[in-house]
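Numbering (our numbering), first residue to last: 1077 to 1275.
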């Protein structure tokens, strides 16, 4: 068997000249994957994928790393809050996949969802006042919207059913649209989708 190596390539650019990118920084790792850059692009929040799954912070230039979680629970697919202070991630520490959050300094671990349904990774709204995620593993499939300031339940979160499995990846900069993808029964993406929050 061959070892799998994950390669991350990061490029920076001036928003006024998006066609001109600086030379990319490339980081290769045999143990890290599913990385998300902080809003200031200084850090990556990654999933350690060797045996135990934990959330690890890695400087974007590869010069420093630190573990945010370090336990027997599976923690994966981190998402940074807009202010770079909090990292939301999927975890099974409450028995099934739910969203949890931890401070970027390793403090304040807390459960964000208690929905009694398996959910996927979260996407923060631009103002940090909402999180969106999908229910993808068991029916009913759909989209969840929640307030991350407290633990969301069926009574407090909003659910929008969908016919297909979906994933939610990002919000538009004005907070009115969500983008993600539809997923086939094999787990592979089949289409890109845009949702209008108001509709």
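Note that beta-carbon positions come from the ideal geometry of N, C-alpha and C, so glycine has one too.
Per DSSP, which residues does residue i bridge with? Please list them.
i: residue 1197; result: Bridge partners of residue 1197: none, in fact.
i: residue 1152; result: 1166
i: residue 1130; result: 1124
i: residue 1246; result: 1255
For chain D, check one thing: does any of its Cβ atoms lie closer than 8 Å to the Cβ of residue i?
i: residue 1169; result: As a matter of chain content, chain D is missing from the structure shown, which is built from one protein chain.
Whose C-beta lies closer than 6 Å to the C-beta of residue i among residues of the same chain, with five residues either side of it excluded?
i: residue 1201; result: 1247, 1251
i: residue 1134; result: 1120, 1122, 1141
i: residue 1114; result: 1156, 1160
i: residue 1271; result: 1254
i: residue 1228; result: 1189, 1222
i: residue 1237; result: 1216, 1218
Could you spell out the range, first to last residue, of the beta strand (DSSP E) harbouring residue i?
i: residue 1110; result: 1108-1113
i: residue 1180; result: Careful: residue 1180 lies outside any beta strand (DSSP E) and carries neither H nor E.
i: residue 1270; result: 1265-1272
Between residue i and residue j, is the Cβ-Cβ spacing less than 8 Å?
i: residue 1211; j: residue 1217; result: yes
i: residue 1269; j: residue 1260; result: no
i: residue 1125; j: residue 1109; result: yes
i: residue 1148; j: residue 1163; result: no
i: residue 1258; j: residue 1240; result: yes
i: residue 1168; j: residue 1192; result: no
i: residue 1256; j: residue 1243; result: yes
i: residue 1118; j: residue 1136; result: yes
For the putative contact between residue i and residue j, defined by C-beta atoms under 8 Å, what is the C-beta separation to the nearest angstrom?
i: residue 1194; j: residue 1158; result: Not quite, the Cβ-Cβ distance comes to about 26 Å (not below 8 Å), so this is no contact.
i: residue 1116; j: residue 1130; result: Wrong, their Cβ atoms sit about 23 Å apart, outside the cutoff.
i: residue 1187; j: residue 1213; result: Going by Cβ atoms, the distance from residue 1187 to residue 1213 rounds to 19 Å, so no, they are not a contact pair.
Could you name the residues of the same chain whose beta carbon sits closer than 7 Å to that of residue i, not counting the 5 residues immediately before and after it, in chain order?
i: residue 1221; result: 1206, 1208, 1233, 1234
i: residue 1153; result: 1110, 1123, 1165, 1166, 1197
i: residue 1095; result: none
i: residue 1179; result: 1161, 1162
Once you ignore the five residues that flank residue i on each side, which residues in its own chain have a CB closer than 8 Å to its CB?
i: residue 1017; result: Residue 1017 lies beyond the stretch modelled for the chain, which goes from 1077 to 1275, so this question has no answer here.
i: residue 1273; result: 1221, 1251, 1252, 1253, 1254
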